[in-house]
Each structure stands twice: as C-alpha cells, then as structure tokens.
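Undergrad: Top line first, the protein sequences correspond to chains A and B. Our numbering puts the first residue of the first sequence at 1, with every later residue one more than the last. Our numbering puts the first residue of the second sequence at 1, with every later residue one more than the last. For glycine and all other residues, C-beta sits at the position ideal for the given N, C-alpha and C. What follows is a single structure, and I will ask about it in a moment.
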Amino acid sequence: MSTAIEFRNLFFATRQGRLLLDGISLALEAGTTTAILGRSGSGKTTLLRTVNRMVEATGGDVLVSGKSVRDTDLIALRRGIGYVIQESGLFPHFTVERNVGLVLEAEGHSRAERVQRSHALLETVGLDPTTFSSRYPHQLSGGQRQRVGVARALAAEPKVLLMDEPFGALDPLTRAEMQEMMRDLMARMQKTVVLVTHDLDEALYLADRIVLLSSGKVIADLAPEAFMQSTMPEVQAYLHAFRRGVGNAAHGRSA
Amino acid sequence: MSSSFLQQNGATILSLTIEHLWLTAAAMLFAAAIAVPVGVWLTRSPAWARPVIGLANILQTIPSLAMFGFLLPLPWLGDRAARIAIVALTAYALLPILRNTYAGIRGIDPAVMDVARAMGLTGTQRLFKVELPLAASFILTGLRTATVTCIGIATIAAAVGAGGLGELIFRGVASVDNRLVLAGAIPAAGLALVADAVLGIFERLLTVKR
Numbered sequence: 001m002s003t004a005i006e007f008r009n010l011f012f013a014t015r016q017g018r019l020l021l022d023g024i025s026l027a028l029e030a031g032t033t034t035a036i037l038g039r040s041g042s043g044k045t046t047l048l049r050t051v052n053r054m055v056e057a058t059g060g061d062v063l064v065s066g067k068s069v070r071d072t073d074l075i076a077l078r079r080g081i082g083y084v085i086q087e088s089g090l091f092p093h094f095t096v097e098r099n100v101g102l103v104l105e106a107e108g109h110s111r112a113e114r115v116q117r118s119h120a121l122l123e124t125v126g127l128d129p130t131t132f133s134s135r136y137p138h139q140l141s142g143g144q145r146q147r148v149g150v151a152r153a154l155a156a157e158p159k160v161l162l163m164d165e166p167f168g169a170l171d172p173l174t175r176a177e178m179q180e181m182m183r184d185l186m187a188r189m190q191k192t193v194v195l196v197t198h199d200l201d202e203a204l205y206l207a208d209r210i211v212l213l214s215s216g217k218v219i220a221d222l223a224p225e226a227f228m229q230s231t232m233p234e235v236q237a238y239l240h241a242f243r244r245g246v247g248n249a250a251h252g253r254s255a
Numbered sequence: 001m002s003s004s005f006l007q008q009n010g011a012t013i014l015s016l017t018i019e020h021l022w023l024t025a026a027a028m029l030f031a032a033a034i035a036v037p038v039g040v041w042l043t044r045s046p047a048w049a050r051p052v053i054g055l056a057n058i059l060q061t062i063p064s065l066a067m068f069g070f071l072l073p074l075p076w077l078g079d080r081a082a083r084i085a086i087v088a089l090t091a092y093a094l095l096p097i098l099r100n101t102y103a104g105i106r107g108i109d110p111a112v113m114d115v116a117r118a119m120g121l122t123g124t125q126r127l128f129k130v131e132l133p134l135a136a137s138f139i140l141t142g143l144r145t146a147t148v149t150c151i152g153i154a155t156i157a158a159a160v161g162a163g164g165l166g167e168l169i170f171r172g173v174a175s176v177d178n179r180l181v182l183a184g185a186i187p188a189a190g191l192a193l194v195a196d197a198v199l200g201i202f203e204r205l206l207t208v209k210r
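Next comes the structure, spelled out in structure tokens:
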C-alpha cells in the first residue's frame, strides 16, 4: 500500500515560542483511517491543519501523495483535501445544494454538473436531495448539518479527508448514526482519513490505526487492538481516564 | 400651509426635493465606493483599523457649516456649490459605512471563514461569495444611518448655494416666513423617513438567518 500522507520530523512553534509539534514523523497509508488522540493542547488539531497548510509548519515537512505541501499550489492543495470540522462551518446564506457544490462552483463547473454531484453526495450521506437541497443550514438539525458538511468535503472527490472532532457536538445517538455512516463511507470510498477526536470509542470504531499525542510528540502509534492491550504507561493513563469518564457519566445517569 | 401657497411653490418644492435627493444619493454612492473597499482592507490589515476609523470619526465631528466653509475656497471644488455639498456629505457618510463594513466582516463566524479557506476558495472568492454577502445587512445598516444623517445635513448645503430643500428653510428664516421653513423641513423629514423605511426593507431581506 502506498503512503498518502507523510509527516517528516515536523515542528510547529507559536510566535510566542510555544512548541506545539515536536518532531513528528508518521507515514499514513492510502485508503486507511488514522485517529489522532490526545488531551487538549497536545497538538492534534495543529498536526491535522499542517496537511492543508491551514497551519504552516515551522520545521520539517508534510508530503501528500509524495509531494511536499510547500511545493504544491495552496488553492489546488486545499481543493484536493476534504475538511470537516465540529461546527460544520456551513455557509448560512447558501442552500444545502450550493454549500455542497461550492468547491465545484469555485472551479468553474457548470450548474448542471454541480446540481447532479451535490444530489448524488446528499444521497451518499443519507439525505434525500428533493427534501434537503433547497433548505438552508438553519433549517437543519445538528446531525443533518454534519452530513451536509461531509458531503461538501467530498464534492471535489478528494483522496484525503481531514476531520477535526466532526461529531463532538452531537448527542450520543446522532453521533453513533454519523459514525456508522462514516464507517460505511470509508469502506466504500477508500479515502485516506485523518480523524482528530477525544472519543476513544469513535477512534476504535472508525480507525485502522490510533496515534496518541502528548505535548506535540507521538507517544503511541498502534492498531486499535494493540492500543487497547498496550502496557505503555501513557496509553494506560489515557485508557484509565477515558474509562473513568465513561463510568462517571454512567454513574451520573443512574443516580 | 394654504393650498394657494402650495400652488405657488409646489413646483419649486418638487424640484428642490429632487435636487436634495440627488445630492444625498450621489454622496452615498461615493461614500459607499470609498468606505466599503477601505472597510474590507481594514479587515486584512486590522492594525490600521483604529487610526482610519478614528480619522472618519474626526470628520464627523466637524460642524457641517464649517465643513462647507472649509471646502468653499478650494480650487475646482469651489467652482460649483453642488460639488462642495457632495464632498462634505460623502465625508459625513464615511464613518457608519466604514465601521459597519469592518464590524460586519470581522463578526462572521470564524468556523465559516476557516472552512472557506480550507476548501480552497481564493481571496476574491471568499470576499464575494462569503464575506460581503454575510456582512451585507451590516453594511446596509451603515448606509441607512449615513443616508438619514446626510438628508438632514444636506439642508445646510443651501448655505453655500448648493440648493436642495435647505434653500426654502434659509429663505423662510431670512424672511421670517414659517411656511417656507416648513416647506423645506417637512419634505426633508419625509425623505429621511422614506429612505429609512426603504433601506430597512432591504436590510431585512439581506439579513442571513443563522
């Protein structure tokens, strides 16, 4: 399997000198899903955003399909990478159809082409185009907005999909539905997905590989089963904290 | 106001109303043509926002009669009173449009702008497809405030011979004839109310539900 994304000794420091990425080296295989876990401030989102140069690394390099992102035209690079965030970031003044087709519009595709593609994508993410195409984001539920966000990210047929806590703001039931949809999509579309999440269950359900970051460094880089069985103190601490969080939530519910 | 007064002065009132409207509309067009691009530029160079908006603020504090007086001796401008009026009204209209353009764009949800950049929209595409449409109702609020203010200030332009409804007011004051004062003041107030209502409708139409 070929490497789709490679982080080569990647560093990022803020202007104030705070080191957020500290020499990260990873190679992500094409068609796989990698979950990036870690506490807040561990550098997960920063790492994700170096791929589409929303954050410019201060040292090292990121290669997408073997080519340095620095040597790729910024607009072309970003159009070739799907991007999904927690708040969906839908354009409130555009209909669902126009939101989904905006990248194609920016690339100069015809209206007929855009409509056809956005309808196909809405079906792919489980939304009926005849019902949802003409709706505005404020007329959608949180889950529907995220589905549209995923459809939009897929519009330009990207090989790489970056997802930054995409389902973090959804209720547990909707989140589970979205995770199921994503798993199905990933199996069908064979995209290289980088998923930043706080949710270990989500990572285990969706990812082929789990990377644990701490203070900008890779602490563990394991398959989900190996991650769960790892005796590494940092992984154990993460698992313990996660189980305690789930336990507390269950206790709170039953109380 | 008697019907004979209106019969005698109706045509004058109408032509002065049209002149008043023309002066204000021309000034609004110039002000929008200056303030919207400058407001957009300030969102790209926020370090300049305070001094530039401060300058527009200072322009607004100059008493209108003094502003017309300052412009009167200037070459080319001073040749025609209407030019002076339009330049002065433009200066007064800058602040609300500039401030609202800047605030409207800066107030867009950062997540929306983040996605616009991440999905590969160029700077021009972001401006015309995302920023200006989302800030449009704010910009129009600024234009509405400026228009209502300038319709009032334009009455002073008659002091330098620029015409408009102020001419009737000045003539009425000079001849102690309240009918003439009202013949200028009532249409001016009516114009302000109509402009406010019409622009208010556009503002509501352009407001994006979130």
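Would a check of beta-carbon distances place Asp216 (chain A) closer than 8 Å to chain B?
TA: The sequence shown places Gly at residue 216 (chain A), rather than the Asp named in the question. Not one chain B Cβ lies under 8 Å of Gly216 (chain A).
Undergrad: Determine the extent of the beta strand (DSSP E) in which Glu6 (chain A) is found, giving its start and end residues.
TA: 3 to 13
Undergrad: When DSSP labels each residue in this structure, what does Ile108 (chain B) get in the three-state scheme?
TA: Coil.
Undergrad: Between the C-alpha atoms of Ala255 (chain A) and Arg244 (chain A), what's the straight-line distance to the nearest angstrom?
TA: A caution first: Ala255 (chain A) carries a pLDDT of 42, below 50, which makes its placement in the model too unreliable to give a value.
Undergrad: Please classify Gly82 (chain A) as buried or exposed, where buried requires at least 16 other C-beta atoms within 10 Å of its C-beta.
TA: buried
Undergrad: Do you know offhand how far Glu202 (chain A)'s Cα is from Gln125 (chain B)'s?
TA: 35 Å
Undergrad: Are there three or more Cβ pairs, one per stretch, closer than 8 Å when the region 105 to 115 of chain B is compared with the region 34 to 52 of chain B?
TA: The region 105 to 115 of chain B is in contact with the region 34 to 52 of chain B.
Undergrad: Is Leu224 (chain B) close to chain A? Criterion is C-beta to C-beta, closer than 8 Å.
TA: No statement about residue 224 (chain B) is possible, as the shown extent of chain B runs from 1 to 210 and does not include it.
Undergrad: When you compare only the Cα positions, how much space is there between His138 (chain A) and Ala159 (chain B)?
TA: 52 Å
Undergrad: For the alpha helix (DSSP H) that contains Met28 (chain B), what are its first and last residues?
TA: 3 to 44
Undergrad: Across which residues does DSSP place Tyr83 (chain A) in a beta bridge pair?
TA: A:Leu162
Undergrad: Can you give me the Cβ contacts of Leu74 (chain A) inside the same chain, cut-off strictly under 7 Å, excluding the 5 residues immediately before and after it?
TA: The answer, listed in chain order, is Arg53.
Undergrad: Counting only beta-carbon separations shorter than 8 Å, does Leu72 (chain B) have a partner in chain A?
TA: Contact of Leu72 (chain B) with chain A is not assigned, every C-beta pair being separated by 8 Å or more.
Undergrad: In three-state terms, what does DSSP make of Thr34 (chain A)?
TA: strand
Undergrad: To the nearest angstrom, how far is it from the Cα of Leu170 (chain A) to the Cα of Arg145 (chain A)?
TA: 10 Å
Undergrad: Using a Cβ cut-off of 7 Å, which residues of the region 79 to 100 of chain A contact any Cβ in chain B, in chain order?
TA: Near chain B, meaning a CB-to-CB distance below 7 Å, the residues of the region 79 to 100 of chain A are Arg79, Tyr83, Ile85, Glu87, Gly89, Phe91, Pro92, His93.
Undergrad: Give a yes or no on whether 8 Å exceeds the smallest Cβ distance from Ala118 (chain B) to chain A.
TA: yes
Undergrad: Going along chain C in order, which residues have a C-beta closer than 9 Å to the C-beta of Ala106 (chain A)?
TA: No chain C appears in this structure, whose protein chains are A and B.
Undergrad: Could you give the distance in angstroms between the alpha-carbon of Lys129 (chain B) and the alpha-carbon of Phe7 (chain A)?
TA: 33 Å
Undergrad: Beta carbon of Met54 (chain A): closer than 7 Å to some heavy atom of the ligand ADP?
TA: Ligands are entirely absent from the displayed structure, and the ligand ADP is therefore not among its contents.
Undergrad: Using a C-beta to C-beta distance shorter than 8 Å, which residues of chain B count as neighbours of Met54 (chain A)?
TA: Residues of chain B passing the Cβ test: Asp114, Arg117, Ala118.
Undergrad: Would you mind working out which of B:Pro133, B:Ala183, B:Gly161, B:Ala88 sits nearest Gly10 (chain B), comparing C-alpha positions?
TA: B:Ala183
Undergrad: Show which residues of chain B have a CB atom less than 7 Å away from the CB atom of Val103 (chain A).
TA: Met119, Gly120
Undergrad: Cβ atoms of Leu199 (chain B) and Leu140 (chain B): under 8 Å apart, would you say?
TA: Taking 8 Å as the cut-off, the Cβ atoms of Leu140 (chain B) and Leu199 (chain B) count as close.
Undergrad: Against chain A, which members of the region 159 to 193 of chain B pass a CB distance test of less than 9 Å?
TA: none
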